[in-house]
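**Q** Numbering (our numbering), first residue to last: 31 to 618.
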Ligand SMILES: [Zn+2]
């Protein structure tokens, strides 16, 4: 990350991370465009199915910038446009409570499609919006949600629609600069979504009988599309329009329904995407709105929108960084078998909101990264705890400290945190071995540090719950730890004298070392003592071979305790198994 060379600490903290730099630009631009008005930043989400975790960047990028602006004492609005008046394009795979019969609704607005069976929500869009709204609340994201269904059907954009129709020739000319045989100006499923793979891309494109186009048809160019008065779908063609009377005629290509309406009174249709988006930039006065990297190409809706907002709606394109793709690690198997992709809610089941916020805060929008659902999450947590320690003692680098500040809270408040943040990997190991048994969990956690024991699981939650969910939902069965119920008598009988001696040293020391630190010293010390060195000898005082002896000793213990050559860190494992059972499993 680029860092300022300023020597003024305060200055450095405020201006070294990407969030601060965008905040500077956005505040300045807002003062130029709309002096004295609240700063407006925006995100757009299409609740066309479960909202993918990858799409969270669409919200987190403006959120972090808005939050910084708020921290500086400015008034700011973060709009989330719910693109719920978009057409239903396809039935997503693997959504519980749905089946192929939902395909009959393709072409209707998302708010006119029934919710999955058993849903508490009135329609498809509301169902998927709700899960995202809940996740955003946990993440501390403040926003004004705007339903495009509500906006269009109440006639809010009347003037803008009539204006666009009046200037359809100019719009057509702008779009025509970019039209190629293949490009029909289709809106991506999400304006920021990278298709998971080519197959999915094809599925998305080939789903509807007539994908949303940019408004061209044989009968001329119209940037507005009515939903059919008979079937409710958008498979309509505008056949004529009179600027003076606003009389509009359309025909449905599905059922032949024809209707003539007055656009000055009609509210059942919408501007095509490439016109809709810039119209809203002007209508809302958006100063900052990012979009996915697929929008950087010439002719993309962001680029074309810049011309349309300027030349048609008299507005300005927002500052709009392109953000890189956010991937997921450890979900490949899961997602192909379940047919689903993880949502922000799924991530929040295995990590605290602070960690998820941190992932976005510490990377510039153009840097891609992965969100870990695999073992990597343990390393991520280690890194986070280390950073928290540095922040506490004042040794963190300014940009790292800034990312930490943005992760732990928003302007004016801290997000609720785990009072006693024990290492995630320790909690995961305990959850692994105890299979979530609370009594056993409390016993083990109380023994980790006998000087300052955990006496109530409330103090280690919610981090404990996240680690438990991760172990049960995302760690494959073959990687789970299953403690032997009976000693491996055959292996014990076959041990050589050195191995027996090492186990005796361990068992003799168990009671006097029964804490996380104590057992750590004990397990590393046994091979040292066996080699004739003091248990507390430092690596400098020891021959290099001692490392090999330690590895051999650890593998032996894993084998005798859990029947594998690896497992949770040994001190944690020993505590989790309990002294009596350790003795039983290791005694020949
Ligand atoms: Zn129809």
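Each residue gets a CB set at the ideal place from its N, CA and C atoms; glycine is no exception.
Since the structure is predicted, the reported quantities are computational estimates derived from the model, not experimental observations.
(1) Within the continuous beta strand (DSSP E) that includes residue 281, where are the two ends?
(2) Please report the Cβ distance between residue 320 and residue 172, rounded to the nearest whole angstrom; I am assuming they are in contact, meaning their Cβ atoms lie under 8 Å.
(3) Kindly indicate which three-state DSSP category residue 353 falls into: helix, strand or coil?
(4) Around the C-beta of residue 416, are 16 or more other C-beta atoms found within 10 angstroms, so that it is buried, or is it exposed?
(5) If residue 259 sits next to residue 287, beta carbons under 8 Å apart, how far is it from one beta carbon to the other, in whole angstroms?
(6) Select from 289, 336, 466 the residue whose C-alpha is nearest the C-alpha of residue 305.
(7) For residue 606, which residues of its own chain have a beta-carbon under 6 Å away from its beta-carbon, when the five flanking residues on both sides are left out?
(8) Ignore the nearest five residues each way along the sequence and tell me which others in residue 57's own chain have a CB closer than 8 Å to its CB.
(9) Sort out for me which residues DSSP pairs residue 403 with in a bridge.
(10) Quick check: what's the CA-CA separation for residue 433 versus residue 388?
(11) Quick one: what does DSSP say residue 572 is sitting in, helix, strand or coil?
(12) Which whole-angstrom value describes the C-beta separation of residue 353 and residue 91, a residue pair presumed to lie in contact below a C-beta threshold of 8 Å?
(13) So what does residue 72 bridge to, in DSSP terms?
(14) What residues are listed by DSSP as bridge partners for residue 174?
(15) Of all the alpha helix (DSSP H) runs that stay within the bounds of the stretch 85-133, which reach a length of 4 or more residues?
(16) Since I believe residue 269 is in contact with residue 293 (beta carbons under 8 Å), could you give me their beta-carbon distance rounded to a whole number of angstroms?
(17) Contact between the stretch 376-391 and the stretch 160-179 is defined here as three or more beta-carbon pairs at a separation below 8 Å; is this criterion met?
(18) Give me the residue from 447, 264, 527 with the minimum Cα distance to residue 136.
(19) Would you call residue 201 buried or exposed, if buried means 16 or more other Cβ atoms sit within 10 Å of its Cβ?
(20) Is residue 206 near ligand 1, going by C-beta to nearest heavy atom under 7 Å?
(21) Beta-carbon within less than 8 Å of residue 193's beta-carbon, same chain only, minus the 5 sequence neighbours each way: which residues are those?
(22) Residues with a Cβ closer than 6 Å to any heavy atom of ligand 1, in chain order?
(23) Residue 358 bridges to which residues according to DSSP?
(24) From residue 572 to residue 557, what distance separates their C-alpha atoms?
(25) Looking at residue 455: is its Cβ nearer than 8 Å to the Cβ of residue 408?
(26) Where residue 52 and residue 313 are concerned, what is the direct C-alpha to C-alpha distance, given to the nearest angstrom?
(27) Quick check on the burial criterion: 16 or more other C-beta atoms within 10 angstroms. Buried or exposed for residue 339?
(28) I need the straight-line Cα distance from residue 412 to residue 543, nearest angstrom please.
(29) Contact check, residue 138 vs residue 118 under 8 Å by CB: the rounded distance?
(30) Determine the direct distance from the alpha carbon of residue 493 to that of residue 613, and round the result to whole angstroms.
(31) Which one of 430, 376, 402 has the shortest CA to CA distance from residue 394?
(32) Cα separation between residue 620 and residue 373?
(33) Measure the C-alpha to C-alpha separation of residue 62 and residue 346 and round it to an integer number of angstroms.
(34) Tell me whether residue 310 is buried or exposed, calling it buried when 16 or more other Cβ atoms sit within 10 Å of its Cβ.
(35) Under 8 Å by Cβ, that's how I've got residue 436 and residue 391 pegged, so tell me the actual separation to the nearest angstrom.
(36) What are the start and end residues of the alpha helix (DSSP H) that includes residue 471?
**A** For this structure:
(1) 277-282
(2) That pair is no contact at about 17 Å.
(3) strand
(4) exposed
(5) 6 Å
(6) 336
(7) 460, 463, 474
(8) 69, 99, 102, 104
(9) DSSP, once it has assigned bridges, lists no residue as partnering residue 403.
(10) 6 Å
(11) coil
(12) 6 Å
(13) 109
(14) 109
(15) 86-101
(16) Their Cβ separation, rounded to whole angstroms, is 13 Å, which puts residue 293 and residue 269 out of contact at 8 Å.
(17) yes
(18) 264
(19) buried
(20) no
(21) 342, 343
(22) 258, 260, 261, 263, 282, 284, 285, 287
(23) 401
(24) 11 Å
(25) yes
(26) 22 Å
(27) buried
(28) 24 Å
(29) 5 Å
(30) 31 Å
(31) 430
(32) Past the edges of the chain, shown from 31 to 618, lies residue 620, and the structure says nothing about it.
(33) 11 Å
(34) buried
(35) 4 Å
(36) 468-478
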